[in-house]
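Novice: The opening position of the sequence shown corresponds to residue 1235 in this note's numbering, with each subsequent residue numbered one higher. No residue lacks a Cβ here, since even glycine has one placed at the ideal position from N, Cα and C. Sharing a structure below in structure tokens format, with a few things to ask.
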Amino acid sequence: MSSELVRYEARDAVALLTLDDGKANAVSPAVIAALNAALDRAAREEAGAVVLAGRPGRFSAGFDLSVMTAGQDALFSLVKGGAELALRMFEFPRPVVIACTGHALAAGAVFLCSADVRLGAAGAFKIGLNEVAIQLPLPTFALELARARLTPRWLTRSVTQAHIFDPAAAVEAGFLDATTDAATVVDDAVAHAARLAALPDPAFRLTKQRERGALIAQIRATLDADIRTLTAPVPA
């Protein structure tokens, strides 16, 4: 695991994973590898729950545009890796809580749709799926995860119209479950995760599989073909 990108901290039963690239927390191949390694460790150490946090002011700006524009093979590999990571969080056998420490755009917002609980820092932050605004059709896996988690009346505005929300409105839309003070959002997420860690296995794991298994299978069946149709985004 790349310690420069993801810091792993055991807080009793909770594994706290903090993503910090010193910039916008763009989702790159290195970030995907580091987060997967951290989840491997959480599973290996039998953490009762996982918290994924960003750096102050930034949860994630989405996929790394320098990779997205480096050719079709690079784009495919990056988006496939990000999709598999989102699905891994969506089906992770223990509760996954996100501390949304700031802006969460594109793939960052998709990750919000993959977690069990999402606490957001209050403030002047931007949250949403901006793919259409940068001339990138929203991949099916992202659309289906959004459909599963967003408030139905906000779905079209969120995915097709690329509307960007502040944290309070993101709660109404379904990207977040609640907001809290930016100074305490990580600790609040860890406290919430500690309560969820008490949910017993296999009851939690099997129920989560039954809730989400059919959708995950549907997404995986079409994932490669869907991503192969993508073209590089054009920044707005």
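1. Determine whether the beta carbon atoms of Phe-1310 and Val-1261 lie at a separation below 7 Å.
2. Going by the CB atoms, is the gap between Leu-1379 and Val-1344 shorter than 7 Å?
3. Rounded C-beta distance between Gly-1354 and Ala-1404? I'm assuming under 8 Å.
4. For Thr-1252, which residues from the same chain have a beta carbon less than 6 Å from its beta carbon, with the 5 sequence-adjacent residues on both sides left out?
5. What residue ranges within the region 1313-1395 form continuous alpha helix (DSSP H) runs of no fewer than 4 residues, ordered along the chain?
6. Within the continuous alpha helix (DSSP H) that includes Val-1424, where are the two ends?
7. In its own chain, which residues sit with a C-beta less than 7 Å from the C-beta of Arg-1446, not counting the 5 before and 5 after it?
8. Quick check on the burial criterion: 16 or more other C-beta atoms within 10 angstroms. Buried or exposed for Arg-1462?
9. Helix, strand or coil for Ala-1247? Go by DSSP, reduced to three states.
10. Could you tell me if Glu-1365 is buried or exposed, where buried requires 16 or more neighbouring beta carbons within 10 angstroms of its beta carbon?
11. In this structure, does DSSP put Ala-1403 in helix, strand or coil?
12. So, Ile-1332 versus Leu-1346, is the Cβ gap smaller than 7 Å?
13. To the nearest angstrom, report how far apart Ala-1338 and Asp-1435 are at their CA atoms.
14. From which residue to which residue does the beta strand (DSSP E) around Ser-1262 run?
15. Whose C-alpha, out of Glu-1243, Ala-1448 and Ser-1300, is nearest the C-alpha of Pro-1263?
16. Give a yes or no on whether the C-beta atoms belonging to Ala-1295 and Gly-1316 are separated by under 7 Å.
17. Please name the residue, chosen from Phe-1438, Pro-1371 and Asp-1255, that lies closest to Gly-1291 on a Cα-to-Cα basis.
18. Using only the heavy atoms of the ligand GDP, determine whether one of them is closer than 6 Å to the beta carbon of Val-1265.
19. With DSSP collapsed to three states, give me the class of Ala-1412.
20. Using 10 angstroms around the beta-carbon of Arg-1383, count the other beta-carbons present and answer buried if the total reaches 16, otherwise exposed.
21. Would you mind giving the Cβ-Cβ distance between Pro-1329 and Leu-1433, rounded to the nearest angstrom? I have them listed as a contact below 8 Å.
22. Which residues does DSSP list as the beta-bridge partners of Ser-1311?
23. Would you tell me roughly how many angstroms separate the C-alpha atoms of Phe-1409 and Asp-1422, rounded to the nearest one?
24. In angstroms with no decimal places, state the Cα-to-Cα distance between Met-1235 and Pro-1467.
25. The alpha helix (DSSP H) with Ser-1448 in it runs from where to where?
Specialist: Let's see:
1. If you check the CB distance, Phe-1310 and Val-1261 do not come in under 7 Å.
2. Contact: yes.
3. Gly-1354 to Ala-1404, Cβ: 6 Å. Contact.
4. Cβ contact annotation for Thr-1252 (same chain, cutoff 6 Å, sequence separation greater than five): Arg-1241 and Ala-1287, in chain order.
5. Runs of the alpha helix (DSSP H) spanning 4 or more residues and lying entirely within the region 1313-1395 occur at 1341-1348, 1374-1383 and 1386-1393, in chain order.
6. 1419-1430 is the span of the alpha helix (DSSP H), which, as asked, contains Val-1424.
7. Hits under 7 Å: Phe-1324 and Glu-1325.
8. Exposed, since its Cβ has fewer than 16 Cβ neighbours within 10 Å.
9. Here Ala-1247 sits in coil by DSSP.
10. A residue is called buried when at least 16 other Cβ atoms come within 10 angstroms of its Cβ; Glu-1365 meets this threshold and is buried.
11. Looking at Ala-1403 - three-state DSSP - the assignment turns out to be helix.
12. In this structure, the beta-carbon distance from Ile-1332 to Leu-1346 falls below 7 Å.
13. Straight across, the Cα-Cα distance linking Ala-1338 with Asp-1435 is about 31 Å.
14. Annotation: Ser-1262 is outside any beta strand (DSSP E) and is labelled neither H nor E by DSSP.
15. Checking every option, the nearest Cα to that of Pro-1263 belongs to Ser-1300.
16. Result no, Cβ atoms of Ala-1295 and Gly-1316 do not sit closer than 7 Å.
17. Of the candidates Phe-1438, Pro-1371 and Asp-1255, the residue whose Cα lies closest to the Cα of Gly-1291 is Asp-1255.
18. Among the ligands in the structure shown, none appear at all, so the ligand GDP cannot be discussed.
19. It is a strand residue.
20. So Arg-1383 ends up on the buried side.
21. 7 Å between Cβ atoms; contact.
22. Secondary-structure assignment with DSSP links Ser-1311 through no beta bridge to anything.
23. A direct Cα-to-Cα measurement between Phe-1409 and Asp-1422 gives close to 17 Å.
24. Any reading at Met-1235 is ruled out, since the residue's pLDDT is 38, under 50, leaving its predicted position unreliable.
25. Sequence inspection shows Ala at residue 1448; the Ser mentioned does not correspond to that position. Unbroken alpha helix (DSSP H) run through Ala-1448: 1437-1462.
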